[in-house]
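Protein chains in written order, with the working numbering: chain A, 1 to 162; chain B, 1001 to 1289; chain C, 2001 to 2447; chain D, 3001 to 3280.
Backbone N, C-alpha and C fix where the C-beta goes; we use that ideal spot for every residue, glycine too.
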Amino acid sequence: MTMRKHHLSSLSYYVFGLLLLLSACRPAPMSDRPPIIRFGYDTCDYCRMLISEPRYAATLRTPDGQERRFDDIGCLLHYLHEHPEEADVAYIWVHDYLQDRWHRASQAFFVRSDRLITPMGYGIIATADTLTADSLARTLGGTLTRFAMLQAAPPPSSIRLP
Amino acid sequence: MALLTIEHLTKRFGTTTVLVDFSCTIEPGESVALWGPNGAGKTTLLRCVLGVLPFEGIIQIKGIDVQRQGKQARRLVGFVPQEVAFYPTLTVGETAAFFARLRGLDPEEGRRRLVQVALQDRLDQPVGTLSGGQRQRLALALALLGDPPLLLLDEPTSSLDIRSRAEFMDALQKLLAAGKTLLFSTHRFEEVEHLARRVLLLENGHLEADTTPAALARRLFPETSQYRLRLHLPERQRPEAVKTLQTHGFEVWMNGHGLEVRVSLNEKARPLTLLSRAGFEIIDFELHA
Amino acid sequence: MGTGVLAVLLTTLVAQAQPTSLLSERLAAVAPGDTIRVVGGIYPGPLRITKPVVLLGEQAPVIDGRGQGTVVIIEAPDVVLQGFVIRNSGRSLDRENAGIAVHADRVTIADNRIENVLFGIYLRQADSCRILRNTIEGDPTLDTPRRGDLIRLWYSNNALIQDNTTRYGRDVVIWFARGIVLRGNTIQFGRYGLHFMYSDSSRIERNRMLHNSVGAYLMYSTRLTFRRNLLAYNRHASAIGVGLKDMDEVTFEENVLVDNQIGIFIDNSPRAIDAQIRYLGNVVAYNDIGVQALQDAPRSIFRDNSLLENYEQVDLVGGGRFSEANGTFWERNYWSDYRGYDADRDGYGDVPYRAVALFDALTDRTPAFRLFAFSPAVQALELAARAFPVIRPEPKLIDVAPRMQPLLPEGIPAVPRRPRPVLALGGLALLLIGGLTIGSARLRRLR
Amino acid sequence: MTTTTVRATVSLLARKELHDALRNRWFVLYTVVFAVLALALSWIGLAGGQLYGLAGFGRTTASLINLIMLIVPLMGLTLGALSLALEREQGTLLYILAQPVVPGEVLLGKLLGLAIALTAALSIGFGLSGLLLAWRGSPIGLGAYLGLFGLTILLALLSLSLGILFSSALPRTATALGSALFAWLLLVFLGDLGLLGSALALRISVEQLFTFSLLNPLQVFKVAAILLLRSDLQVLGPAGQYAMHLYGWRLLPLSTSVLLLWTLIPLILAYLFFRRRGAL
């Protein structure tokens, strides 16, 4: 009889431990960090292709915590064009072209050039500051731009040679 | 040194207590009967001695604790249960070999023991096809494997007919003579009388008395009174048997199973002898106060 | 006889002894349109060809880039480069280091072996080129994203790419190129077997794309014929056999898609309101999902296809159904999970095929439930759903007259089958172990 | 006096158990059914591939995993549940315990004997279908095949030890067998259906779904088996991708350990129950 009682209590410990485990599994509160991309594993939420190269990648997180990942800044712009309800409220990050860093899209400086072959051929990359962007634009023969301007324009088409 | 020591043995099953503070010692060479009504705790006591049930208190065989060193303790014990159950898939020879090995003996030793109980011709017979008497003899042979000093027998004759019972008793008698110690439970007084030197009287889990067969007999059959001997015979022989006994001056009447004879203590075996000589087939008998 | 051997030996010796600069000098010396025969030898790269000449390699002469830059650069039209071994390009993705870079029209690159390169053959603004029977191998030690594309076409129209073999590259890329014919190539162990974008009026046939992350991704193009290709073992994270995104006017015919994660993936195709896509006579077998579409696949005809043993035959992401109102038609396909009969013996089932599976309906809405795939519980659920039609979901599609027998296109290169002698030994060993255990335990009495 | 080592005793008891199992009708029935079904499924699964020159991991290969998940736990649970309870009811358990043996040896002997019997039975099923697969050219390699066999043995062991737990805790054969059958239902059907239902109702996340599902050892087996056969878990959807990303190939040793734990814990409990209960 005592055995059975003992067994029951160990069962309740088990259940309790389980609940603890599960609470540990709950997603962490939304942080200021960009969503994680598993490169070579996750696919772009616009063009559905694998995201392999960090330096062209972009991500966003909606206020209710949904995450989107893109292999090309052009795909991000297309996505935002098709989902205007997310465009104004989402947190948007773009990856730096030269370093392993993420920037908030509103703070980054962008270069658009026909000579940049990005994964989906939109030819847009992001950098941290205006100086780097300017020198890149000069060497690549492209133009320097900001995220607001990119968003205001119609979504980019893939670059075409003149 | 005592062969078996039982101290303050108490055994509970759930809320019911089967044995209460039971203590006794048994010396080498003794033959001890456990006597008491059904449910008095005889079987439970034997199982505790075997160490196959957990209990409170201490039981030692040759100083070996049966709970803590059960394996060594059981090496000193041969056991014949009330209803012998063997593995139905094994033959007699395989069974003997298996239990010999279990005791760390040569399997050949197991087969040699079968000669002792006259089962050597049935080596390849499945144990399931043995008669009750044969099974009991096999059990006895197995209990003797490794020559343990102590034999525990739980109503060993209860499923036997009268002739097998007599043979079995003879065998036990010989073992006793050879120096074995016996502890057995029974509800047949004649077995106590035949085999035991000492009787432990159990009642409701208590040790009521530690006494002798003679004392038990006085308890059961006071000298002055008359007893009823119940005889079981085949139905067709009964009227003839009644006549035979009446001609020898016995008071006889018939009941459902056979006949009953009024006897005094000193002549209680005479009706049996008379009928056997006259060629009657006595299946069984019981003595009642 | 003796002199013949001697001559060959001498030529070889001479070739070996040639100063490595000799090839450039010979190039400089010839007139446009001339033919240069190169017999054996090892020449250092880079080799720049600026005249329309024919370069014929015999006994596999080698042009070695020694790990620096692009090995052969062709800047003149009508060049023919045939029979060479071209190896060891640089490793810079940004500079697009390649085995052969072509910047001129009507160039033919044939029968070369291109080894240990980042990019393989790179056509940039080079129209009407021909890439024939080359073998191109990348560097398998690099991570796939760090590799280059073994064939890359960039603004290069009317190319013929035939009977090439590529291995260990990133993708085969065809971007901004009209009128391409891609035929009989084998593309293996890369990321995208084919990444095809903005390239209208092209023809892709009889190619084999095996063991890539994704077989072929076809995007943003119109008027494409995609037929008789074999796409197998393309499995990786989010892997698909063939994906169509924003494709218009496609004839997708008699392809074989085997053992991919998703056989055919359809995203917003067709896009144009007057465009149509025809899926005809394809074999879609042993994929996790046979055909997957985001929402519906409007203005599409699926006819005479054979869907065999896909774990989920057809999947509509988000649930719902293929609607004939949108112009989606499923007709006369073979379904390996069809349970109907053909009483009138016309080769078509008398009962419509309905793609209904309770579990599919669950996983289409909540993909996480795919975790329960292969569970006996799911089987029980399906049985229950069959027995009690009350909980039967609406069918995803209805094929009114499904085929009774699969329709298998002939002449398609077969999926390589591997014999399994080792497995046979394993099976035999287990059988022996089991048999002997039981046999000996039964025979040997317990003595 | 002769002494018997624990090893000798256990091996003797195990051999006796094996001897018995091979004469057990249930056991023979399971062995035959498993072998026939495994053979039939492999045959059907390959028949299509043979005809079309195609081969792969289709629905039919899946049904092989299904077969294992259905039959193997049933084999282990029923044989385990019968093991002690039946002998207790026959009286042979009392008789064996009255010999110079300890309960641990009896338990271990039973486990070992039955495990060998089950392994032999499964070897025959696997061996036959392995030969067939090899003969007709299968998509499964030797490594995956032997790996699946090993996992199946683990599954058999864990259900065996669960069955033995019921056998030691419950006094009568009927209740032990009934409980074992209920446990089988729970493992095979009710657990998954319950989780599916609660996931629908509570909208739990992919991570939680995966974590919860691992409480069912059958799911652990399944995940490991699919990983072995496919080298990835894509076919299990987002939860599979999550697991693959989180653990990768470590899932294999991980699930093996979980299965072993599922074997060990019931055995320890069974031992405690057995010692407490003794021959009764």
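Straight-line spacing of the CA atoms in B/T1044 and D/L3037 works out to 49 Å. With the criterion set as a beta carbon lying under 7 Å from some beta carbon of chain A, the members of the stretch 2222-2256 of chain C are A2237, S2238, G2243 and K2245, in sequence order. Proximity of chain A to C/Y2217 at the Cβ level (cut-off 7 Å) is accounted for by M49, in chain order.
Distance from the Cα of B/L1034 is smallest, within the candidate group B/T1015, B/F1221 and B/V1192, for B/V1192.
Within chain A, the residues placing a beta-carbon under 9 Å from that of C/R2191 are G40, L50 and S52, ordered along the chain. Scanning chain B for C-beta atoms nearer than 9 Å to the C-beta of D/K3110 yields nothing, as the closest lies near 13 Å away. Taken in chain order, the unbroken stretches of alpha helix (DSSP H) that lie wholly in the stretch 1035-1078 of chain B and span 4 residues or more are 1042-1050 and 1070-1074. Think of a sphere of 7 Å around the beta carbon of C/T2437: no beta carbon from chain A falls inside it, the nearest being about 36 Å out. For C/Q2082, the uninterrupted beta strand (DSSP E) run begins and ends at V2080 to Q2082, by DSSP. Counting along the chain, the unbroken alpha helix (DSSP H) around D/S3167 starts and ends at L3142 to A3169. When Cβ-Cβ separations below 9 Å define contact, A/T59 makes no contact with chain C. In the three-state reduction of the DSSP assignment, C/I2240 falls in the strand class. Comparing alpha-carbon positions, the option among B/I1162, B/R1197, B/C1048 and B/F1189 lying closest to B/A1177 turns out to be B/R1197. Taking 9 Å as the cut-off, the Cβ atoms of C/S2238 and A/L50 count as close. Looking from the CA of C/Y2311, the closest CA among C/Q2379, C/E2249, C/L2244 and C/S2323 belongs to C/Q2379. Judged by DSSP in its simplified three-state form, B/E1109 adopts helix. Closer than 9 Å to the CB of D/T3092 there is not a single CB belonging to chain C. Proximity of C/R2370 to chain D, defined by a Cβ-Cβ separation below 9 Å, is satisfied. Every unbroken stretch of the beta strand (DSSP E) spanning 3 or more residues and falling wholly within the stretch 2177-2209 of chain C is given here in chain order: 2181-2183, 2186-2188, 2192-2197 and 2202-2205. Taking 9 Å as the threshold, the shortest C-beta distance from B/E1083 to chain D falls below it. Judged by DSSP in its simplified three-state form, C/T2222 adopts strand. If you draw a straight line from the Cα of B/V1080 to the Cα of B/P1156, it comes to about 6 Å. Of all residues in the stretch 2116-2147 of chain C, only Q2125, D2143, T2144 and P2145 come within less than 8 Å of chain A when Cβ atoms are compared, listed by chain position. Listed along chain B, no residue sits closer than 9 Å to D/Q3219 by beta-carbon distance, the nearest being about 37 Å off. Considering only beta carbons, the part of the stretch 3064-3095 of chain D lying closer than 8 Å to chain C consists of I3065, N3066, M3069 and L3070, in chain order. Burial of C/V2250 is indicated by the presence of at least 16 other C-beta atoms within 10 angstroms of its C-beta.
Judged by their CB atoms, B/R1188 and D/A3008 are not nearer to each other than the 9 Å cut-off. By the neighbour-count criterion, in which 16 or more other beta carbons inside 10 Å mark a residue as buried, C/N2112 falls on the buried side. Assigned with DSSP and collapsed to three states, B/P1222 falls in coil, not helix or strand. Listed in chain order, the alpha helix (DSSP H) runs fully inside the stretch 2293-2319 of chain C amount to none, counting runs of at least 4 residues. Within chain B, the residues placing a beta-carbon under 8 Å from that of D/L3012 are F1098, R1101 and L1102, ordered along the chain. Straight-line spacing of the CA atoms in D/P3103 and B/Q1237 works out to 52 Å. Within the same chain, and ignoring the five residues on either side of D/W3184 in sequence, the residues whose Cβ sits closer than 7 Å to its Cβ are P3073, L3074 and L3077. Just so you know, the alpha carbons of D/L3148 and D/S3231 end up roughly 12 Å apart.
Counted as a single uninterrupted DSSP element, the beta strand (DSSP E) harbouring A/I124 occupies residues I124 to T127. Annotation: D/L3041 to C/S2092 spans about 52 Å, alpha carbon to alpha carbon.
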